[in-house]
Every structure is written in C-alpha cells, then in structure tokens.
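*Asks:*
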Amino acid sequence: MSEPDVTGDPDQKHRIYLVDGSGYIFRAYFAMIRGRGPITRSDGTPTGAVLGFSNMLFKLIQDTQRDGRVSHLAVIFDTSRKTFRSEIFEEYKANRDAPPEDLIPQFPLVRDATRAFNVPAIEKQGFEADDIIATYASQATAAGMETVIVSSDKDLMQLVGGDVTMLDPMKNKMIGVDEVHEKFGVGPDKVIDIQSLAGDSVDNVPGVPGIGVKTAALLINEFGDLDTLLDRAAEIPQKGRREKLLEHADMARLSRQLVTLKQDVELDIGVMDLTVQMPDAADLMAFLNVNEFKQLTGRVKEFFGADFRKDVAELPDMPAPAAGAETAETPAAAVEIDYTTVLEMKDLQEWIDEAYRIGSVAVDTETTGLNAMQASLVGISLSIHPGKACYIPVGHVAPKAQGGFDFDGAEEQAEETGLNQLPKADVIAALKPLLEDPVVLKIGQNIKYDQVILGQEGIEVGPVDDTMLLSYCQEAGQHGHGMDELSRLHFGISPIPFKEVAGTGKSQITFAEVPIDKATEYAAEDADITLRLHQVLKPQLAKTKSATLYETIERPLVPVIARMEREGVKVDAPFLSKLSEDFGARMIELVSEIHNLAGEEFNVGSPKQLGEILFDKMGLSGGKKGKTGAYTTDVNVLESLAADGVELARKVLDWRQLAKLKSTYTDALQAQVNARTGRVHTSFSLAAASTGRLASSDPNVQNIPIRTEEGRKLRNAFIAEPGHKLISADYSQIELRLLAHIADISSLKEAFAEGLDIHAKTASQVFGVAMEGMDPMMRRSAKAINFGIIYGISAFGLARQLDVSRTEAQGYIESYFTQYPGIRKYMDETKAFCHETGYVETIFGRRVHLPGINDKNGARRGFSERAAINAPIQGSAADIIKRAMIRLPGAIADAGLKARMLLQVHDELIFEVPDAETAETAALVTSVMEKAALPAIDVSVPLVVDAGIGDNWGEAH
DNA sequence: GCCGTCACG
DNA sequence: GACGTACGTGACGGCG
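Here numbering that gives the first Met the number 0 is used: the first residue of the first sequence is 0, the next is one more, and so on.
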C-alpha cells in the first residue's frame, strides 16, 4: 500500500484505519477464486477468502508499523441481514442471493483472522458495517484524527472529505474528493442525493425509475440538492423526467433514508480504544498453522522478528482530543502492569480497604493441587483495577534440594518455613469479612474451586461472579472456557503457563515450592486477567440475552455444587476390595482359557493383537479395519462372532467387562477415598458439556454401571452412614416429555397426561397395532425410535441400533413422521434456525452454538444438525434439574429436615437422609423436582419423578 | 498424546 | 455419487 500523500502535512495528525471487513470478504473470495481457484485446507474447509483477507490485513499492519502516525485500527463487520433499514423498507437488500456455500464457513474464520492479528473486530446487531464506520469516522474527526476507510464500497463515499479518505485495498488506490466526483459527478456531500435518485439494484434501493447516476448528477448540479429538486420538479422541461420525479418523490425520500449512513450508532468500544497492538506470536502462529497459510507464515515471522512478543506497540504520544470528543478509558492493551507481593498486614489492609471502596474484587487461590478436596491453600491473589494485582503467600515452603532451585540467602529469611510470608491464620482472619461481605462482589474464574478451598479455611465466599460461567452462558459450543483460552481470545494475551513455574513430569513441584517472586507473577496475573474478563463478559450478558440464565441458574448453582462436592459420598471400601479380588481371579481364568483357544499367549487387552489372532491367525470373516489400519474388535464385532459360536469372542467380551469394572471402578474408586473424610468427593464441571449438563470427574460418578448385573453390584458400594438411608429421585422420560412440549405434539402430550407406557403408545401409533398384547419387539423398536428422535435420527443409526436393514429403518422413520408430522416440523425449524444464527436455544434461553452447522463437509454438517436437534432437549432437561438443585437445599432446611444432596446423574439426584426422615424427604424432593420449571415455564406435560429409598444406591434406584 | 473401547444419561 | 453418521460425557490400557 502506498504512503498516502500527507507526508508533508504540518499537522502530523494521528491516523485511524477502519477496514470494511464484510465488503472485503466478498472481494477476496471472488478474487481468489478467479486467481487461484478454490483453496482449502487439508480438512476440507475452504479458506480462499480468509487467506485474501489475512494478506490484506497483514499488509495493513505492516504499514501501520512503518508509519508512526497510524495509532488506531479496527475491522468492522456486518452482523445479520436484519437492520434498522429492513424495518423501514422490507425489501432492502432482500433480493440478495445467499452467499456461496463455500464462503459461509469463512465468515467466522475471517473474524478469527482479525483477532489473531490482535485487531479489534467490531460488529453490532441491527447495524451495517457502514454505519459503524461512519460513526467511528465522525468520532475520529472530532478527536482530531485522520481517518482512512479501507473499502471500495461506493456507499461509503458520502463520508469522504475533510480528514476522511478511502483506500481501495484491491487496487491499492486512494479515493479522495476527486475520485468521488469522478464516480458520481458531484462532491461527497451530494453523494446521498445522487444515490437517493439513482437507487441501487444490488441493495434494492428503489430510487426514481428511469434516473441513473448521470441524470441524477445533472439534476443535482442544476438544482443544488435533493429537497430543492423535488420541490421544484415541476420546472423540469423534459416530460418523462418531470413526471417520474413528481410521481416517485416519496421513493426518493425513502431511498435517502436508506442510503444515509448513521453516524451516531451507540458502540461499546469508543474510537480511542481501537489502538494498534502487537499480535501475540503464539495466537497468530496457531491461526496460521491451522489454516495452513505457509507463505504468509514466513512473511509474518520475517516482519515481526525479535519484537514479536511485545504486547504493546510503541506509539507516539496521542494529541489532546478535540473538545467534545470522547475521553475514553485507558485502552485495554495499554494497561500498565503492576503486580506486587503482600508481606505486611498493613499492605493487605490497604487492598481490603480498596476492595470495599470499589465494591468488587477478583480473587484467585493457589494450592497444592487440582483436586480441591485434597489440595491445601498456598496463597491468594487479588485484583481490583485492571493491570494491578497482588499475591499474598501463606503456605509456601522452601524448595526441596532436588528441585534444582538456587536458594542462596534462605538463611536471611524467617525461621520455620525458611520463607518470608504472612501467617495464614492472620490473612484468613483479615480477609474473611471481605470475602463474606454481601455488598462486595467476589469475581473468580471457576470460583467453585476457590469456594471449596476457602471453605476449608472457614470462609464462605459470596456473593460471587464467575467468568468461566459468564463465558459458558454466552458462548457454549464456540470454544472452551478455561482462563488461558479466554485470555487469548479476548485480549490476545497468553498467561504464564503453569508448567513454566512448576515444571512438568517427574521434576514437577507443587505450587507451595515455587519461589514467591515467580509465584507472584503467575498468581497475580490470574487475578488480573479474571478481573479483565469480567469487565468484558459481564456487560455483554444483556446483548446475548443470557442474563436470566446466568443469574437464575448458573450463578446460584455454584454454592450448591460446592457443597455437594464437600459432602462427598460414602463407599464401602472392603466390599469394593472383595469385588476387585473376585473380578481379578475370574480374569486370570478367562485369560488362560482365551490363550488356549487362541493356541498362543497374547495380550488380551490389546485390540491390535486380538484382531490379528481372530482375523489373520484364525481366519475368521468379518474383519474390518478402522482408520489406523487395525482391525475393529469392538462389542458389535465380538457379539456377532460370539453369536456365530466363536467361543473366544464370548470369553474376550466377558474378560473386557471385568477388566473395565476392575480398573475403572473397583480399584479406582477405592483409591479415590479421601483420607481426611473417608468419603469420595467427585468434582462436577459446570462448563464442560455444551448442552448445559454437568460433567463429573475424579471420579466420574455419572457412569457407574447399572445395565449389566455384574456391573450393577458397583452401585451397592455407594452407601449411607449408619442411621441413614440413600434416596434416589429421577425424572421419568424427561427428554421425551420435553420433546412433546417443545415440538408441541398433542398426541404425545395426551399420552403422557394419561400416564401411558410411552414406547408402547408410539409402537401402537407407528405400527398400527393395539396397545394390549403387543409384540415386545415392536415396543423395543419404538423405544429405539423414540431415543433416535431425541438424537436427531438417521436411518443408518437406527438400523445399527436395531440391527435391521437401513431400508427397514428408513421405513420406520417415515411412518413415525407420518404419525407425528409436528416432530419433522420441529426438526426442520430447529435446523433452519441454527443455520441462520449458528446456535439453538433451550426453553430457558440457554444458547448452544454449533460452529459446524454450515460446514461444507456434509458429514460434519450432518453431525452439527443432529446435535442441534438434541441440544434444546438435553439442555432443557439440564436446566430443569439445575433449577431443582438450587431450590432443594432451602426447601429441605425450611421443612426442618436434615437431608444432604450428594450426587447428580443428569436426570437423577442422590440424597443422604436420616432414617426417620426418609418418607418426608422423598415426598418433598419429588414435589420440588416436579415443579422445578415453574413459574418460569409451564411445561405442557406433567414432569414425573420416581423416588426410591435404600441402604445403598443399588437399592435406592 | 492419541486411539479404541466402554461405562453412564 | 461419495461421504460417514444416532446426542452428551470421562477413564482406562495400549501403543508410538
């Protein structure tokens, strides 16, 4: 791009580049297709337009680096097609073709590209990019800056003049007043008048029929402006023109409304915040690698060289903003970093006072491990203002000699630990009132963890906001919600990796052994980033319509889950140990039998070796190789071999079942018993499943066996304390009920209202048989169809499930849809909504994003489509049980009962209850669960909960 | 660290 | 005409 002709300008004004991103995508797309044909990366995603865009952006960034006057830069995008213009005039842009299919997946990628280069990507619902550009241009002018609009769109030419110019990025040509005059025959100030008369067939702006740009220019030059022209139209000598103008004066005025760019769009980010920033090397390289832009990678490396990791570009001092211009806050990238270690109580008190003064504080705890129930507190970091954070070490120990750290000077420091830090008890006592104060908001990333940790120090942290959950509520499905990922995404900053302070593998140390200066850098950064994430994510809740979900479901759930984790569940360790021995003994027998049958010894646990035995050595048919070239030996394959009488296959299946039970359950579960509490404390992730479900780990209590008799025994190991029972309460068929409600299927709703056997009812309707005396196979098929529907049915999947031909399965599906046309309608509408918006919603407004929904690859698209059908159902069920969980502790306490909620398994809750209170608790729990959707949503089918009571989980379920 | 397998809703 | 599929998870052992 050539240097604009302002080098000699005595003003030396700062410059802002505003890139018309949406306009550029289309140009890049067609230019690349014409020049190089379709470009795709090796996974098939088309990337031509992304590459063109990235090249252009990189070029622009190079220029901004070389030209010291370029201080600000942003890329502006269109959002949906609905804008305030389509409100005024329905047909506006209505005749546009849908974008080419292989361009659709590139829209989000272009935004990724923008972020990868650490350039602000701006868009706003209801406004076109042009309006936002007009608004920023006017703000920039008011602030005394020069504006360069990077676009060749003639609709933007009305903005040219004064300190605003345009740059055509394809032709690399400046567009100033002269060029606009050349195009429209008038100056930029009259461009709107010309467009109002001439209209625009591409955008469907009507204008006045029969008048094009040439005639319009003639008329405007003669009459001065549009209003004068329309007032005095009667004076026009040419009959045709005169009549058209008189007749279509209103259309001209309407067109003026359409073509006039709005210069006062309300924007969250002011023009002064769009400062030029250095890209983060890791983020940019990751983006370039994923998209396989090899040449560009080379040029990027060459250009940035050694300075690459610098977070902020060095900019010349800004001129004072002109009067009336926005006086922006400090731009995010220019935040000054100030991290300190707190070693004196009076310093700690200053932080506490400031937190009270501001009313909110980001908190992060550092501990000895990831498992909150086993870890102990090492330090606490706080942040109240962006860039400023402190770290309060309380549990550091001198590094072990083997750690390899140089601890010269340890003698100068305090005795016991050998380290200078405040006593933990003093810090806890000082912080407790603040962390429990109801008017000070505590901000955390996955604050449940910190609540569990601090809970063990006697602090009940609250009220809280959680940046992980703020992200999860708004962007589930788009990306993960870990702090590092969010930091890179929102700020382009990669926080110090934990590995960097604690090492990895064998030589890894706990955080307690990390030297305090290094620990401060790491911990303070975490609190700082958390605070900044909160400043970004919290305000956009309203925009994403997620405030209700966050405030009424996710946020209140945090302390409930924290409490469940701290309660834990009692397991019968001696019983598990006996079970384990039993399983182990039988496995040994099976292995020797298997070796005999095979005629040689091999590792039964190796699918590779097993496949070779079965299909190469024994020459059995049915050997299919998977992606890695190894034979498949999964249950389906082995079951069918076993059915053909292959004894070895049956024995391997038995062995596998035992191996699974032993390694994953009996052995692992015993190892998970907490030494301090004697109970097992799972960890529930609140932001793992995109649909809104919880996930459980360490150990996973949501996949304890039940389907086979052997596995079921495991459930008997989950027991109640003496004098107590377990209650298990589960929603009956909640997903099918919600399907009936969401898709509004009257016959299904009636069946549920009447309490019928829903699978039998489906069988009777689909196969046209009576409910009584039905062939059990028919009910089984109907049940599989019902599940299939929830999963976004395919003939292939159903055929596999039922072991029938695909044609047969297709027939079932068709007769199902004939019987329930509303379900097909629901599916079609859900998919269409998702194709349009990129997400689907539950009945409580939870958004689940499906980035693959417009993928060019049919398989990936199909995958997303099925997930789109499933997510509202699975997610609504998750919302409902979460609502119940939030209410239950209070309801139990209000009723004067002592039950404790221990576990959740998607549609089931487990409680530990004193013997005397079981009946009353079961009734209360059932009632709260059944009414959990109310009063927000009156589900049009009854929600039914079944509760069971027993000495262990197996009996209770 | 990925893959195949398998446990659950 | 081919593609490659039921939805959502987590944990294990084998293997490179």
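The C-beta atom is built at its ideal place from N, Cα and C for all residues, glycine as well.
Where does residue 428 land, buried or exposed, given buried means 16+ other C-beta within 10 angstroms?
*Replies:* Position 429 of the first sequence, counted from the first residue, corresponds to residue 428. The residue in question, residue 428, is exposed, as its Cβ has fewer than 16 Cβ neighbours within 10 Å.
*Asks:* Mind checking whether residue 20 and residue 74 have CB atoms under 8 angstroms apart?
*Replies:* Against the first sequence, residue 20 aligns to sequence position 21. Against the first sequence, residue 74 aligns to sequence position 75. Their beta carbons are under 8 angstroms apart, which means residue 20 touches residue 74 by this criterion.
*Asks:* Write down the C-beta distance between residue 924 and residue 887 rounded to the nearest angstrom, noting that I regard them as a contact closer than 8 angstroms.
*Replies:* Counting from one through the first sequence, the residue named residue 924 turns up at place 925. Counting from one through the first sequence, the residue named residue 887 turns up at place 888. Contact holds; Cβ gap of about 7 angstroms.
*Asks:* In the DSSP assignment, the alpha helix (DSSP H) including residue 451 goes from what residue to what residue?
*Replies:* Here residue 451 is taken as the residue at index 452 of the first sequence, counted from 1. Unbroken alpha helix (DSSP H) run through residue 451: 446-454.
*Asks:* Return yes when the Cβ of residue 173 is within less than 8 angstroms of the Cβ of residue 30, no when it is not.
*Replies:* The residue you call residue 30 lines up with position 31 of the first sequence. The residue you call residue 173 lines up with position 174 of the first sequence. Going by C-beta atoms, residue 30 is not nearer than 8 angstroms to residue 173.
*Asks:* In chain order, which continuous runs of the alpha helix (DSSP H) of length 4 or greater are located wholly inside the stretch 598-674?
*Replies:* For the stretch 598-674, whole alpha helix (DSSP H) runs of length 4 or above, ordered along the chain, are 606-610, 634-642, 646-659, 667-670.
*Asks:* In terms of residues, what are the limits of the beta strand (DSSP E) holding residue 363?
*Replies:* One-based indexing of the first sequence puts residue 363 at position 364. 359-366 is the extent of the beta strand (DSSP E) around residue 363.
*Asks:* Counting only the same chain and skipping the five closest in sequence on each side, list residues whose C-beta sits under 6 angstroms from that of residue 594.
*Replies:* Working through the first sequence from its first residue, we reach residue 594 at position 595. Excluding positions up to five away in sequence, the list reads 600.
*Asks:* Taking one C-beta from the stretch 878-886 and one from the stretch 926-938 each time, how about it: are there three or more such pairs within less than 8 angstroms?
*Replies:* The answer is yes - the stretch 926-938 touches the stretch 878-886, with three or more Cβ pairs under 8 angstroms.
*Asks:* Could you tell me how far apart the beta carbons of residue 1007 and residue 535 are, in whole angstroms, since I believe they sit closer than 8 angstroms?
*Replies:* Since the first and last residues shown for the chain are 0 and 956, residue 1007 lies out of range.
*Asks:* Compare the Cα-Cα distances from residue 873 to each of 786, 459, 95, 547 and report the closest residue.
*Replies:* Position 874 of the first sequence, counted from the start, is the residue given in the question as residue 873. The shortest C-alpha separation from residue 873 is found at 786.
*Asks:* Considering just the uninterrupted stretch of the alpha helix (DSSP H) at residue 486, what are its terminal residues?
*Replies:* By 1-based counting over the first sequence, the position of residue 486 is 487. Where residue 486 is concerned, the enclosing alpha helix (DSSP H) stretches over 482-490.
*Asks:* Using C-beta distances below 8 angstroms, list every residue in its chain close to residue 305, excluding the 5 sequence neighbours before and after it, in chain order.
*Replies:* Numbered from its first residue, the first sequence carries residue 305 at position 306. Residue confidence for residue 305 is low, a pLDDT of 48 falling below 50, so the modelled location carries little weight; the figure read from the coordinates is stated next. Once the five neighbours on either side are set aside, residue 305 has no close Cβ partner at all.
*Asks:* In three-state terms, what does DSSP make of residue 746?
*Replies:* What you label residue 746 is simply residue 747 of the first sequence in a count that begins at 1. It is helical.
*Asks:* Just the Cα atoms here: how many angstroms apart are residue 795 and residue 808?
*Replies:* For the purposes of this step, residue 795 is identified with residue 796 of the first sequence, where counting begins at 1. For the purposes of this step, residue 808 is identified with residue 809 of the first sequence, where counting begins at 1. When rounded, the distance between both Cα atoms is 8 angstroms.
*Asks:* Tell whether a beta-carbon distance below 8 angstroms holds between residue 443 and residue 463.
*Replies:* On the first sequence, position 444 is the one that residue 443 refers to. On the first sequence, position 464 is the one that residue 463 refers to. It is a contact, given that the beta carbons lie within the stated cut-off.
*Asks:* Report the start-end ranges of each alpha helix (DSSP H) in the stretch 54-115 that is 4 residues or longer and not cut off at the edges.
*Replies:* For the stretch 54-115, whole alpha helix (DSSP H) runs of length 4 or above, ordered along the chain, are 83-87, 105-115.
*Asks:* Please say whether residue 363 and residue 526 have beta carbons closer to each other than 8 angstroms?
*Replies:* Within the first sequence, the letter at position 527 stands for residue 526. Within the first sequence, the letter at position 364 stands for residue 363. Yes, the Cβ-Cβ distance between residue 526 and residue 363 is below 8 angstroms.
*Asks:* In the DSSP assignment, what residue or residues form a beta bridge with residue 856?
*Replies:* For the purposes of this step, residue 856 is taken as the residue at position 857 of the first sequence. For residue 856, which the question treats as bridged, DSSP gives no partner whatsoever.
*Asks:* Check whether the Cβ atoms of residue 747 and residue 739 sit closer than 8 angstroms, and answer yes or no.
*Replies:* For the purposes of this step, residue 747 is taken as residue 748 along the first sequence, with counting starting at 1. For the purposes of this step, residue 739 is taken as residue 740 along the first sequence, with counting starting at 1. It is a contact, given that the beta carbons lie within the stated cut-off.
*Asks:* Within 10 Å of its beta-carbon, does residue 802 have 16 or more other beta-carbons around it, so buried, or fewer, so exposed?
*Replies:* Translated into the one-based positions of the first sequence, residue 802 becomes position 803. Flag for residue 802 reads exposed.
*Asks:* Which whole-angstrom value is the C-beta distance of residue 196 and residue 218, which I expect to be below 8 angstroms?
*Replies:* Taking the first residue of the first sequence as 1, we reach residue 196 at position 197. Taking the first residue of the first sequence as 1, we reach residue 218 at position 219. 7 angstroms between Cβ atoms; contact.
*Asks:* For residue 608, which option in 631, 523, 586, 591 has the closest C-alpha, if you only look at C-alpha atoms?
*Replies:* If you number the first sequence from 1, residue 608 lands on position 609. Measuring from the Cα of residue 608, the nearest candidate turns out to be 631.
*Asks:* Taking Cβ positions, are residue 63 and residue 123 nearer each other than 8 angstroms?
*Replies:* Taking the first residue of the first sequence as position 1, residue 63 is located at position 64. Taking the first residue of the first sequence as position 1, residue 123 is located at position 124. Contact: no.
*Asks:* So, are the CB atoms of residue 522 and residue 353 less than 8 angstroms apart?
*Replies:* If you number the first sequence from 1, residue 522 lands on position 523. If you number the first sequence from 1, residue 353 lands on position 354. No, they are not a contact pair.
*Asks:* Run through the DSSP bridge pairs and tell me what residue 684 is partnered with.
*Replies:* In the first sequence, the residue the question calls residue 684 occupies position 685. According to DSSP, residue 684 bridges with 694.
*Asks:* Over what stretch of residues does the beta strand (DSSP E) that includes residue 910 continue unbroken?
*Replies:* The residue you call residue 910 lines up with position 911 of the first sequence. First-last of the beta strand (DSSP E) with residue 910: 907-913.
*Asks:* What are the partner residues of residue 679, as DSSP defines its beta bridges?
*Replies:* Here the question's residue 679 lines up with position 680 in the first sequence. BP columns for residue 679 point to 568, 672.
*Asks:* Hey, would you say residue 797 sits closer than 8 angstroms to residue 783, going by beta carbons?
*Replies:* Looking up residue 797 in the first sequence gives position 798. Looking up residue 783 in the first sequence gives position 784. Closer than 8 angstroms, so yes.
*Asks:* Based on Cα-Cα distance, which residue from 936, 373, 506, 341 lies nearest to residue 398?
*Replies:* Taking the first residue of the first sequence as position 1, residue 398 is located at position 399. It is 506.
*Asks:* Expressed to the nearest angstrom, what Euclidean distance is found between the alpha-carbon atoms of residue 830 and residue 789?
*Replies:* Position 831 of the first sequence holds residue 830. Position 790 of the first sequence holds residue 789. About 14 angstroms.
*Asks:* State the DSSP-derived secondary structure class of residue 127, mapped to helix, strand or coil.
*Replies:* Counted from its first residue, the first sequence places residue 127 at position 128. If DSSP states are grouped into helix, strand and coil, residue 127 belongs with coil.
*Asks:* Roughly how many whole angstroms lie between the Cα atoms of residue 954 and residue 370?
*Replies:* One-based indexing of the first sequence puts residue 954 at position 955. One-based indexing of the first sequence puts residue 370 at position 371. If you take the alpha carbons of residue 954 and residue 370, they lie about 30 angstroms apart.
*Asks:* Note the first and the last residue of the continuous alpha helix (DSSP H) segment covering residue 829.
*Replies:* Within the first sequence, the letter at position 830 stands for residue 829. 820-836 is the span of the alpha helix (DSSP H), which, as asked, contains residue 829.
*Asks:* Of the choices 840, 450, 937, whose alpha-carbon is the least far from that of residue 828?
*Replies:* For this step, residue 828 is matched to residue 829 along the first sequence. Residue 828 has its Cα closest to that of 840, out of 840, 450, 937.
*Asks:* Rank 243, 146, 546, 115 by C-alpha distance to the C-alpha of residue 472 and give the top, closest one.
*Replies:* Here residue 472 refers to the residue found at position 473 of the first sequence. Per the Cα distances, 546.
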